[in-house]
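For reference, each letter of the sequence shown is one residue, going 1 to 530 in UniProt numbering.
Report on the structure given below.
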Amino acid sequence: MKISNFKFQILFFGIAILGLALFLRIYNLLSIPIFADEAIYVRWSQVMRAVSTLRFLPLSDGKQPLFMWSVIPFLKVFEDPLIAGRMVSALSGTGSVIGISVLTYILFKSWKTALIAGFLYAVSPFAVFFERMALADAMLSMFGIWSMVFAVLTAKYLRLDTAMLAGFASGGALLTKSPGIFFLIILPATIFLANLPKRLLSLTFIKLVGLWIVVGVIGYGLYNILRLGPEFHMIALRNQDYVFPLSHALTNPWDPLQFHVKEIIEWFWVLVPMTSLLAAVVAIILGWKKHWRVFLPLLAWLLAPLAIQAEYAKVFTARYLLFTIPPLFVLAALGITSVKLKTKTFWIVLALVSLPSLYIDYLFLTAPQKAPLPRVERSGYLELWTAGTGIREVAQFIKAEHEKDPNTQIVVGTEGYFGTLPDGLMIYVADIPKVVVTGVGLSISTVSDPLYEAKKAGNKVYLVANTSRMEVAPEDLGYNVLASFPKATQPSGKVESLLLLEVTKKSLKITEDAKEKARKEQQKEDVNKK
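What follows is the structure, given as structure tokens:
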């Protein structure tokens with residue numbers, strides 16, 4: 001069977017876009033250091049893989065477990081557990097590229113517009129950055145996109161099978177993160193795509209409402225799988241830590257709304273980036289009269305979650321908005337194709353729109369500390385304690401020490417009890433016999449009792465902590481500084497570093513002297529009281 005030249009072009013460009021999308025998401029996948037939530041999620045996946053009775057472990061912190069479940073099989077394929085987790089997001093992002101292209105074609109019946117939409121999303125720094133991280137947001141976005149694909153088909157053709165598929169996709173979103181509820185909230189907006197008669201209470205309308213009910217029943221049916229876990233109630237409890245009550249809009253509507261709106265503008269302008277935003281605006285201006293029925297569901301998808309989160313979110317970061325940006329690329333693609341351009345001019349315009357994205361992507365892949373990340377994102381992912389710069393190297397050192405003498409117990413103390421440390425280190429060394437990782441707290445001014453006792457027992461003992469956690473210079477506590485791993489420079493010029501410290505015999509002596517001094521002071525205080 002001979003393939004027409006047109007179909008060949010579609011196939012060629014489609015494969016090229018998918019290849020580019022996958023490349024941008026997996027090349028040099030460890031360029032960004034492990035983040036706090038990544039460490040937690042990957043560690044949960046390891047525990048759930050090892051202990052089948054703990055498959056609902058994320059519920060203990062009010063998190064839905066689908067992303068962590070998806071990481072488990074990848075742990076069998078990739079030696080580095082962080083790569084395993086990030087591959088799930090990379091593949092989810094590639095699935096999002098396909099979904100955006102399919103959705104665009106369904107809406108506008110133009111392969112050219114569909115391919116451009118997929119391309120613009122594939123290279124968007126917003127998508128590339130977060131779809132290279134072992135976080136649940138990329139998977140949420142993918143399920144959301146496909147739920148809208150099938151919801152649009154359901155509205156257009158009133159088909160039960162597409163409604164069921166929309167329900168499965170919505171259920172996947174709900175099993176991934178709580179914001180998956182937004183895709184059920186905006187479902188009625190697809191009514192503008194339905195071929196309804198002028199009379200509202202028609203048979204067509206009743207069928208459509210019935211199909212929406214099918215979507216909701218299947219979506220919530222899948223979500224209720226989580227009731228099999230013993231701590232399902234924790235989802236509702238933990239959600240309260242992230243959002244204000246409904247009454248907040250009446251009592252204090254402008255705080256934090258104003259601040260969050262400014263953040264949204266900054267994040268979108270830098271990371272979408274601005275060229276795609278401008279192309280989307282062009283589409284709305286030029287195409288409103290012709291495509292307003294299509295624009296309304298897309299704008300509902302974009303604006304409803306943004307408005308609700310800006311008003312009610314206590315914790316607000318750019319990655320929480322990843323699932324809201326796909327409509328922008330559908331509109332941006334239409335903005336480019338709605339203007340009649342000669343072939344040469346078209347390629348110039350497409351290059352102008354995409355080159356800023358490709359430049360930022362290049363920095364993400366090669367030198368993320370030079371990328372123009374918004375302030376909050378840069379501090380969290382590259383500068384502060386949440387950025388796990390050096391953890392992988394510390395793990396390699398611990399493994400090498402274990403291989404030198406497999407019979408010697410190694411005890412590694414870390415700052416904190418949960419998050420970047422100790423979880424970021426445990427994902428690499430938890431399965432090594434004779435290696436124990438334990439948290440020792442956030443403010444380090446002494447050699448903690450567990451490390452003191454371990455060293456006294458003749459074990460190799462190390463401490464891994466950031467410089468900001470050390471209230472006393474490591475040398476003053478007798479630590480031997482083995483390595484220091486600097487993070488990205490902060491605006492003040494300060495540089496946080498991860499320290500690898502060895503507990504020495506001098507540490508024991510200093511600790512014993514401090515304890516003896518404290519004991520004598522206590523005795524003196526007791527005598528004075530008497």
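Every residue, glycine too, gets a C-beta built ideally from N, C-alpha and C.
Computed from a prediction, not measured in an experiment: that's the story for all the values here.
| Asked | Found |
| --- | --- |
| Is it right to say residue 199 is buried, meaning 16 or more other beta carbons lie within 10 angstroms of its own, or is it exposed? | exposed |
| Would you call the segment 211 to 226 and the segment 35 to 53 touching, i.e. three or more CB-CB distances under 8 Å? | no |
| Does the distance from the C-beta atom of residue 444 to that of residue 420 stay below 9 Å? | no |
| When the Cα atoms are used, what is the spatial distance from residue 1 to residue 314? | Residue placement at residue 1 is poorly supported in this model, since its pLDDT is 46, which falls under 50; the coordinates still yield a value, given next. Roughly 58 Å separates the two Cα atoms. |
| Please report the Cβ distance between residue 45 and residue 17, rounded to the nearest whole angstrom; I am assuming they are in contact, meaning their Cβ atoms lie under 8 Å. | With a Cβ gap of about 30 Å, residue 45 and residue 17 do not count as contacting. |
| May I ask you to verify whether the segment 199 to 208 touches the segment 14 to 33, counting CB pairs closer than 8 Å and requiring at least 3? | no |
| For a test of the three-state rule: what should DSSP assign to residue 421, helix, strand or coil? | helix |
| For a test of the three-state rule: what should DSSP assign to residue 410, helix, strand or coil? | strand |
| Can you look up residue 190 in the DSSP assignment and give me helix, strand or coil? | helix |
| Who are the Cβ neighbours of residue 83 in its own chain at under 6 Å, not counting the five residues just before and after it? | 29 |
| Between which two residues does the alpha helix (DSSP H) carrying residue 486 extend? | From DSSP, residue 486 is part of no alpha helix (DSSP H) but of the beta strand (DSSP E) over 480 to 486. |
| Do the segment 141 to 159 and the segment 171 to 191 meet, that is, are 3 or more Cβ pairs less than 8 Å apart? | yes |
| Can you tell me whether residue 423 is buried or exposed, with buried defined as 16 or more other CB within 10 angstroms of its CB? | buried |
| Does the segment 8 to 25 come within contact of the segment 97 to 111, defined as at least 3 CB pairs closer than 8 Å? | yes |
| Pairing CB atoms from the segment 483 to 494 with CB atoms from the segment 435 to 443, are three or more of them under 8 Å? | no |
| State whether the segment 119 to 138 contacts the segment 149 to 167, with contact taken as three or more CB pairs (one from each stretch) at a distance under 8 Å. | no |
| Are residue 192 and residue 293 close, meaning C-beta to C-beta below 9 Å? | yes |
| Looking at residue 321 and residue 284, is the spacing between their C-beta atoms short of 9 Å? | no |
| What is the DSSP secondary structure of residue 1, counted as helix, strand or coil? | Note that residue 1 has pLDDT 46, beneath the 50 cutoff, so the model's placement of it is unreliable and no number is given. |
| Does the distance from the CB of residue 270 to the CB of residue 373 come in under 9 Å? | yes |
| According to DSSP, residue 40 sits in a beta bridge with which residue or residues? | For residue 40, which the question treats as bridged, DSSP gives no partner whatsoever. |
| Using only the alpha-carbon positions, how far apart do residue 247 and residue 238 sit? | 18 Å |
| Should residue 499 and residue 464 be called a contact, given that it needs their Cβ atoms to be closer than 9 Å? | yes |
| So, for residue 356: in the same chain, excluding its five sequence neighbours on each side, which residues have a beta-carbon less than 8 Å away from its beta-carbon? | 273, 274 and 275 |
| The beta strand (DSSP E) that contains residue 439, what's its start and end? | 435 to 439 |
| Look up residue 460 in the DSSP assignment and give the residues it is bridged to. | 410 |
| Tell me whether the beta-carbon of residue 104 lies closer than 9 Å to the beta-carbon of residue 94. | no |
| Would you say residue 121 and residue 323 are within 9 Å of each other, going by their C-beta atoms? | no |
| Measuring only the C-alpha atoms, how far is residue 7 from residue 111? | 10 Å |
| Answer with buried or exposed for residue 241, where buried requires no fewer than 16 other C-beta atoms within 10 angstroms of its C-beta. | exposed |
| What first and last residue would you give for the beta strand (DSSP E) that runs through residue 499? | 497 to 502 |
| Is the distance from the Cβ of residue 336 to the Cβ of residue 279 below 9 Å? | yes |
| Between the beta-carbon of residue 277 and the beta-carbon of residue 332, is there less than 9 Å? | yes |
| Between which residues of its own chain and residue 440 is the CB-CB distance below 6 Å, once the five residues before and five after are set aside? | 413 and 448 |
| If you draw a straight line from the C-alpha of residue 290 to the C-alpha of residue 282, how long is it? | 13 Å |
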